[in-house]
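Below: one structure, written as structure tokens.
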Amino acid sequence: MQHFLRHFFLPHHSNNHRAKALHIDSLLCYVLLFAILNLSIKIIHRDFPSVLGYATDIRVDALLASTNAKRISLGLNPLKLNATLSQAAAAKAQDMFSHDYWAHNSPQGKTPWSFIVNSGYKYTIAGENLAKNFSTSGGVVDAWMASPTHKDNIVKPGYQDIGFAIVNGVLNGEETTLVVQMFGAGGSPIAEVPKVETVIPEVAIAVEEPQKLVQGVGSSVFKPIFNIPTVTRDITFMFIGLIVGVLVLDGIVISRKKIVRVAGHNIAHILFFLTFFVALTMVQRGALL
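Counted the way numbering that gives the first Met the number 0 counts, the sequence shown spans residues 0 to 288.
As structure tokens, then:
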């Protein structure tokens, strides 16, 4: 065992003075292992979603509280939850799943305002924010606030009412949770509103199998034993840590023994993996549209 560990992790004559863990054939094995891991995760998730899946906890009350907290912090009036706007939001979400599109306007030409009008809500101004592939209510609102166009809707002084829909399904072949946020102020519709109103992009969430989630307008809550994003992130971080550790040990041993090698730019490799590590910590599953 001692010989194996030295051969695998430290420069030695048995590995041509470069840790076996850094050889090309070892790197190819890592790629193969990651491919097998990815396939295994998909199979386990499909067959045992309650064991390995996407954890979500998105609720209307939390979305409303977080949205109003952002407004109040800026001295704006809190918005009132409106059942009619929520019905419009639910209709929009269902239409997106039914016609498999991810946009404000449907392929059939329906605008967000069509759903609002059809619900019976009469508006003078109205707006829409969309989100998908987020795991928490706070994550959704924070992402909206980080986007100037979404933020404009959330902090627009003229709005009085708000509606939400949280609906699970398959969109473009991907299991997801859609969050639709609709804003409005009562009155008679103004014809120019669709032109004047800010049309808002979308954002994203990681979601479990639709039938396993709490369906409906009100919430999407699912807590598997193991959360896929957490598992994959931790495995990736451990792998990066292992490789960086081996590179550091390799460089120390080579320096102390004054071994001359043609190949081996350890510092450059370490910086590359550390940059990759930092980039991974900044990546979110949500994406703005």
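We put the CB at the ideal spot given by N, CA and C, even for glycine.
> Which word fits ASN117, buried or exposed, when buried means at least 16 other C-beta atoms lie within 10 angstroms of its C-beta?
Replying inline: exposed
> In whole angstroms, what is the alpha-carbon distance linking ALA142 and THR55?
Replying inline: 16 angstroms
>> Tell me which residue opens and which closes the alpha helix (DSSP H) that GLN1 is part of.
In response: 1-8
> Enumerated in chain order, which unbroken segments of the alpha helix (DSSP H) with a length of 4 residues or greater are wholly contained in the region 54-78?
Replying inline: 59-72
> Based on Cα-Cα distance, which residue from VAL252, ASN67, VAL179, VAL245 lies nearest to SER25?
Replying inline: VAL245
> LEU170 and LYS131 look like a contact to me (Cβ under 8 angstroms); what is the Cβ gap, rounded to whole Å?
Replying inline: 7 angstroms
>> Based on DSSP bridge pairs, tell me the residues matched to TYR100.
In response: Answer by DSSP bridge pairing: none, since TYR100 is not bridged.
>> Let me check understanding here. Comparing Cα to Cα, which of THR83, ASP151, THR110 lies closest to ASP346?
In response: Because the chain spans 0 through 288 in this model, residue 346 falls outside it and cannot be assessed.
>> For ILE165, tell me which candidate among PRO228, SER85, TYR53 has the shortest Cα-Cα distance.
In response: SER85
> Among ILE71, LEU38, GLY52, which residue has its Cα nearest to the Cα of GLU174?
Replying inline: GLY52
> Which value, in whole angstroms, describes the spacing of the CA atoms of ILE35 and TYR120?
Replying inline: 52 angstroms
>> I'd like the span of the beta strand (DSSP E) that includes ALA184, first residue to last.
In response: 173-185
>> Assuming VAL169 is part of the beta strand (DSSP E), what are its boundary residues?
In response: 160-170
> What are the boundary residues of the beta strand (DSSP E) that THR123 is part of?
Replying inline: 122-131
> Where does PHE225 sit, in a helix, a strand or coil, going by DSSP?
Replying inline: strand
>> Alpha carbons only, please: which of LEU78, LYS41, GLY172, PHE182 is nearest the one belonging to HIS324?
In response: Given that the chain is displayed from residue 0 to residue 288, the structure contains no residue 324 and the question cannot be resolved.
>> So ALA125 and PHE182 are supposed to be a Cβ contact under 8 angstroms. How far apart are they, rounded?
In response: 6 angstroms
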